[in-house]
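In terms of our numbering, the sequence shown opens at residue 604 and continues consecutively. Here the structure comes first, spelled out in structure tokens, and everything after it is commentary.
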Amino acid sequence: FVPDGLFSIQVAPTISNDLCQYAEEMIVGAGTLSGDTSFATVDDIEVCKPLPSTVMTGTNLLMSSGVWYQASLEGYDENDALEIRVCNAIFGTTVVTVFVGDDCDHLTCI
Numbered sequence: 604f605v606p607d608g609l610f611s612i613q614v615a616p617t618i619s620n621d622l623c624q625y626a627e628e629m630i631v632g633a634g635t636l637s638g639d640t641s642f643a644t645v646d647d648i649e650v651c652k653p654l655p656s657t658v659m660t661g662t663n664l665l666m667s668s669g670v671w672y673q674a675s676l677e678g679y680d681e682n683d684a685l686e687i688r689v690c691n692a693i694f695g696t697t698v699v700t701v702f703v704g705d706d707c708d709h710l711t712c713i
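Dropping the structure here:
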């Protein structure tokens, strides 16, 4: 109950690549790509390797906010290197999980 009918609503900005279906295209070899997870929602995705207990739920599910990127590696083979750097992490542990697959419903953690 709010007296006098007064209320306030706080609206957080949306992030376009918050969900796998809207992953931002990452152009391999094009330079720096910036991102921000400040207003991202929690992704309950399976991670490839065990992580520190600070970000885990006791299972292999990552319960942390995240954003999605996609890259086409057409023309690359298994001997080519792809380097991903995460800089300026402000809070806690930064986790990068890499998947392969044809769509968001058929991803395999590598």
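Virtual Cβ for every residue (Gly too), placed ideally from N, Cα, C. Being a predicted model, the structure only gives us computed values, none of them experimental.
Going straight from the alpha carbon of residue i to that of residue j, what length do you get?
i, j, result
"residue 707", "residue 701", "12 Å"
"residue 616", "residue 670", "14 Å"
"residue 624", "residue 611", "32 Å"
"residue 642", "residue 621", "9 Å"
Are residue i and residue j closer than 8 Å when you measure CB to CB?
i, j, result
"residue 619", "residue 628", "no"
"residue 713", "residue 699", "no"
Can you round the beta-carbon distance between residue i and residue j to whole angstroms, since I take them to be within the 8 Å contact cut?
i, j, result
"residue 668", "residue 635", "Incorrect: roughly 22 Å between the Cβ atoms, too far for contact."
"residue 676", "residue 631", "7 Å"
Can you tell me whether residue i is helix, strand or coil according to DSSP?
i, result
"residue 608", "helix"
"residue 679", "coil"
"residue 624", "helix"
"residue 766", "Past the edges of the chain, shown from 604 to 713, lies residue 766, and the structure says nothing about it."
"residue 699", "coil"
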